[in-house]
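Chains as they are written, first to last, in this note's numbering: chain E, 1 to 202; chain X, 203 to 404.
C-beta atoms are modelled at their ideal positions from N, C-alpha and C, and glycine is treated no differently.
Bear in mind the structure is a predicted one, so any value in this text is a computation, not a measurement.
Contents: one structure, followed by commentary.
2 protein chains.
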Amino acid sequence: MKNYLNTSLPEQFQPLLDHIGRFVDLDMSEKELLLGRLSFKKVKKKEYPLSEGQICNYNYFVVKGCLRVYLITNSGLEQITQFGIENWWITDFDSFENQTSSAFFIQAVEESEVIAIDKNALENLYNEVPKVERYFRIILQKNFVAAQRRILWIHTISSEQRYRNFVEQFPAFVQRVPQYMLASYLGITLEFLSKIRAKKNL
Amino acid sequence: MKNYLNTSLPEQFQPLLDHIGRFVDLDMSEKELLLGRLSFKKVKKKEYPLSEGQICNYNYFVVKGCLRVYLITNSGLEQITQFGIENWWITDFDSFENQTSSAFFIQAVEESEVIAIDKNALENLYNEVPKVERYFRIILQKNFVAAQRRILWIHTISSEQRYRNFVEQFPAFVQRVPQYMLASYLGITLEFLSKIRAKKNL
DNA sequence: CAAAAAAATTAATCTAGTTTAAGAAATACT
DNA sequence: AGTATTTCTTAAACTAGATTAATTTTTTTG
């Protein structure tokens, strides 16, 4: 075992340890096991951690920056399904879990830093440190609740209101990504978003 | 410990054991621990295992029948967010996990049988039998993937196509629930669904 | 099995959001 | 700094799906 692990933990993984610490308590030996299986990566703007057709072998924890998940529809348009900013996990869980080829692209919207864990490493970790599996069970629960809420909103409030809610909930976000990506994520056209914005800023 | 546990397991819980068995292997003592914390319930048509304003203390595994999850919108309309049929878990995970009051109703669409597990029992079970937590981690992963796919479909295909896809994927289902519930779940009006159906049955 | 209640159909009118197209602003590149 | 590329805006014509309202069909219940 490398000596530094006994004294201090590599600081680049600290944001993830902090995030995990919100949900479960890992002791030092568990943290060491975890860190041994992580890798830290810088992703340049417009780079693709995942492209359509590949098997998604990694789950990415966003330390800094912003990633998006999207696919190209039959009609050739980009449809964004998720954004990942600080403290979010981003992957194609379907491809990741079942090792099937993905329909999605994961791309850095801006200069980003991520912590990546590959499928096998995570699988092993689940056995070695059950608390990690608990952590992901909780994260997935939250993801599921959020996705369900999104469906509910799509069905019950107008596109205009959904945009205004989004701006209210993630004001910083709206500055960071191009409007056309926001429109795609919200499921409306850029032109209609533009019309909404012209009306009045709130 | 009750004697029957050493010889045979109560058959009413078998469908759940079968389902769990698809994802993890429980040994006999783990199964006993699990069964000790479950309860079996019959739910009459139109009965409400959960009503708006209550804390959702149970997660329900549907053994037989069909439940729906819905809420009443500001404009007083029912919006269905989920159906649960055989082998599906149904709950308001937000309320269940955070013990907050729910915005939803869970109602039996037809005469149903469910296996219920309450929040504390499940919490304990996670500690006693980590494989149960793995099982739910996997279920939640699938739920999340399905919810994301639903969002993608809403954004990329027409209501008409979504209805046709649904009919193709769950043909039995379409016979079982009233059309107005299907319309609500798909996020369209009953009138429009009627128009689609009149066109031609595929 | 008749009456009431619940579910489904049809059609006319209306509207939130799309499409198409052209130009203006902002950003990146050499 | 100037040109090319990417992003955003505006406006007119159009459409998928909502709304309203009246009627029919099916299911439930006494």
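To which residues of the same chain is Tyr365 of chain X closer than 7 angstroms at the C-beta, ignoring the five residues directly before and after it? The residue given as residue 365 of chain X occupies position 163 in the second sequence. Excluding residues within five positions, the ones whose Cβ falls inside 7 angstroms are Leu388, Leu395 and Ile398.
So, for Leu5 of chain E: in the same chain, excluding its five sequence neighbours on each side, which residues have a beta-carbon less than 6 angstroms away from its beta-carbon? For the purposes of this step, residue 5 of chain E is taken as residue 5 along the first sequence, with counting starting at 1. With a pLDDT of 42 at Leu5 of chain E, under the threshold of 50, the modelled position of this residue cannot be trusted, and the question is left open.
On the DSSP letters alone, give me the boundaries of the beta strand (DSSP E) that Glu315 of chain X sits inside. As a first step, residue 315 of chain X is located in the second sequence; it is residue number 113 there, counting from the start. Start and end: Ser314 to Asp320.
Looking only at its chain, what residues have a beta carbon closer than 6 angstroms to the beta carbon of Leu404 of chain X, apart from the 5 residues adjacent to it on each side? Residue mapping note: residue 404 of chain X aligns to position 202 of the second sequence, counting from 1. Note that Leu404 of chain X has pLDDT 41, beneath the 50 cutoff, so the model's placement of it is unreliable and the number below is only indicative. Around Leu404 of chain X: no qualifying Cβ.
contact_flag[the segment 44 to 51 of chain E, the segment 106 to 117 of chain E] where n(CB pairs < 8 angstroms) is 3 or more: yes
Going by beta carbon distance, what residues of the same chain come within less than 7 angstroms of Arg134 of chain E, once the five residues before and after it are set aside? The count along the first sequence starts at 1 and reaches residue 134 of chain E at position 134. So the list reads Val24, once near-sequence residues are dropped.
Please compile the residues from chain X whose C-beta is within a distance smaller than 7 angstroms of the C-beta of Ala108 of chain E. Working through the first sequence from its first residue, we reach residue 108 of chain E at position 108. In chain order: nothing, as chain X lies at least about 20 angstroms away.
Supposed close pair Ser51 of chain E, Ala116 of chain E - CB separation, criterion 8 angstroms: On the first sequence, position 51 is the one that residue 51 of chain E refers to. On the first sequence, position 116 is the one that residue 116 of chain E refers to. About 15 angstroms; that fails the 8 angstroms criterion.
For Val145 of chain E and Lys402 of chain X, I'd like the C-alpha separation in whole angstroms. Your numbering for residue 145 of chain E matches position 145 in the first sequence. Your numbering for residue 402 of chain X matches position 200 in the second sequence. Answer to the nearest angstrom: the Cα atoms are 36 angstroms apart.
What separation, rounded to the nearest whole angstrom, lies between the Cα atoms of Ile222 of chain X and Gln216 of chain X? Locating residue 222 of chain X in the second sequence gives position 20, where the first residue counts as 1. Locating residue 216 of chain X in the second sequence gives position 14, where the first residue counts as 1. Rounded to the nearest angstrom, the two C-alpha atoms are 10 angstroms apart.
Where Gln284 of chain X falls, given that 16 or more other Cβ within 10 Å makes a residue buried: In the second sequence, residue 284 of chain X corresponds to position 82, counting from 1. Under this definition Gln284 of chain X is a buried residue.
Quick check: what's the CA-CA separation for Ala305 of chain X versus Gly255 of chain X? Locating residue 305 of chain X in the second sequence gives position 103, where the first residue counts as 1. Locating residue 255 of chain X in the second sequence gives position 53, where the first residue counts as 1. When rounded, the distance between both Cα atoms is 6 angstroms.
Where does the unbroken alpha helix (DSSP H) through Gln381 of chain X begin, and where does it stop? Working through the second sequence from its first residue, we reach residue 381 of chain X at position 179. Gln381 to Leu388 is the extent of the alpha helix (DSSP H) around Gln381 of chain X.
Would you please verify whether the beta carbon of Tyr328 of chain X is less than 8 angstroms from any beta carbon of chain E? Against the second sequence, residue 328 of chain X aligns to sequence position 126. Chain E contact via Cβ: present.
Which listed residue (E:Lys42, E:Lys41 and E:Leu17) has its alpha carbon closest to that of Glu30 of chain E: Working through the first sequence from its first residue, we reach residue 30 of chain E at position 30. For Glu30 of chain E, the nearest C-alpha among the options comes from E:Leu17.
Rounded to whole angstroms, what is the Cα-Cα separation between Ala385 of chain X and Val63 of chain E? Along the second sequence, one-based indexing puts residue 385 of chain X at 183. Along the first sequence, one-based indexing puts residue 63 of chain E at 63. Spanning the two alpha carbons is a distance of roughly 41 angstroms.
Is Ser158 of chain E buried or exposed, if buried means 16 or more other CB atoms sit within 10 Å of its CB? The residue you call residue 158 of chain E lines up with position 158 of the first sequence. It counts as exposed.
Note down, in chain order, all residues in the segment 259 to 287 of chain X with a beta-carbon under 7 angstroms from any beta-carbon belonging to chain E. Thr275, Gln281 and Thr283
Strictly below 7 angstroms CB to CB, what residues from chain E border His357 of chain X? Position 155 of the second sequence, counted from the first residue, corresponds to residue 357 of chain X. In chain order: Gln79 and Gly187.
Indicate whether Val271 of chain X and Ile292 of chain X have their beta-carbon atoms separated by less than 8 angstroms. Taking the second sequence and counting its residues from 1, one reaches residue 271 of chain X at position 69. Taking the second sequence and counting its residues from 1, one reaches residue 292 of chain X at position 90. Result yes, Cβ atoms of Val271 of chain X and Ile292 of chain X sit closer than 8 angstroms.
Tell me whether Ile72 of chain E is buried or exposed, calling it buried when 16 or more other Cβ atoms sit within 10 Å of its Cβ. Within the first sequence, the letter at position 72 stands for residue 72 of chain E. Classification for Ile72 of chain E: exposed.
Between which residues of its own chain and Gln381 of chain X is the CB-CB distance below 7 angstroms, once the five residues before and five after are set aside? Here residue 381 of chain X refers to the residue found at position 179 of the second sequence. Correct list, in chain order: Leu392 and Leu395.
Best match in E:Leu34, E:Leu26 and E:Asp27 for proximity to Asn124 of chain E [C-alpha to C-alpha]: Walking along the first sequence from the start, residue 124 of chain E turns up at place 124. The shortest C-alpha separation from Asn124 of chain E is found at E:Leu34.
Chain X partners of Gln141 of chain E, CB-CB under 8 angstroms? As a first step, residue 141 of chain E is located in the first sequence; it is residue number 141 there, counting from the start. Phe295, Glu299 and Leu342, listed in chain order.
Is there a C-beta anywhere in chain E that falls below 8 angstroms from the one on Phe338 of chain X? Taking the first residue of the second sequence as 1, we reach residue 338 of chain X at position 136. Interface residue, yes.
Complete alpha helix (DSSP H) runs within the segment 209 to 280 of chain X (minimum length 4 residues, chain order): 216 to 223 and 230 to 237
Would you say Phe144 of chain E lies against chain X (beta-carbon separation less than 8 angstroms)? Taking the first residue of the first sequence as position 1, residue 144 of chain E is located at position 144. It does; some Cβ of chain X falls within 8 angstroms.
For a test of the three-state rule: what should DSSP assign to Trp291 of chain X, helix, strand or coil? Residue numbering aside, residue 291 of chain X sits at position 89 when the second sequence is read from its first letter. Strand, per DSSP.
Count the other CB atoms within 10 Å of the CB of Leu342 of chain X; is the residue buried (16 or more) or exposed (fewer)? By 1-based counting over the second sequence, the position of residue 342 of chain X is 140. Buried, because 16 or more other Cβ atoms sit within 10 Å of the Cβ of Leu342 of chain X.
Please determine, among X:Val334, X:Cys268 and X:Asn276, the residue with the shortest C-alpha to C-alpha distance to Leu152 of chain E. Sequence index remark: in the first sequence, residue 152 of chain E carries index 152 (1-based). Among X:Val334, X:Cys268 and X:Asn276, the Cα nearest to that of Leu152 of chain E is on X:Asn276.
Gln371 of chain X: contacting residues in chain E (beta-carbon distance under 8 angstroms): On the second sequence, position 169 is the one that residue 371 of chain X refers to. Under the 8 angstroms cutoff, chain E gives no residues; its nearest Cβ is about 16 angstroms from Gln371 of chain X.
Going along chain X in order, which residues have a C-beta closer than 8 angstroms to the C-beta of Gln208 of chain E? A query on residue 208 of chain E cannot be resolved here, the shown segment of chain E reaching from 1 to 202 and no further.
State buried or exposed for Asp294 of chain X, treating a residue as buried only when at least 16 other CB atoms are found within 10 Å of its CB. In the second sequence, residue 294 of chain X corresponds to position 92, counting from 1. Asp294 of chain X is buried by the Cβ-count criterion.
When you compare the CB positions of Arg150 of chain E and Phe338 of chain X, do they come within less than 8 angstroms of one another, or not? Indexing the first sequence from 1 puts residue 150 of chain E at position 150. Indexing the second sequence from 1 puts residue 338 of chain X at position 136. No, the Cβ-Cβ distance between Arg150 of chain E and Phe338 of chain X is not below 8 angstroms.
Could you give the residue range of the beta strand (DSSP E) that holds Phe105 of chain E? As a working note, residue 105 of chain E is residue 105 in the first sequence. Phe105 to Ala108 is the span of the beta strand (DSSP E), which, as asked, contains Phe105 of chain E.
If contacts are defined as beta-carbon pairs under 8 angstroms, then Gly65 of chain E and Glu111 of chain E qualify, I think. What distance do you get, rounded to the angstrom? Walking along the first sequence from the start, residue 65 of chain E turns up at place 65. Walking along the first sequence from the start, residue 111 of chain E turns up at place 111. That belief holds up - the Cβ atoms of Gly65 of chain E and Glu111 of chain E are roughly 6 angstroms apart, short of 8 angstroms.
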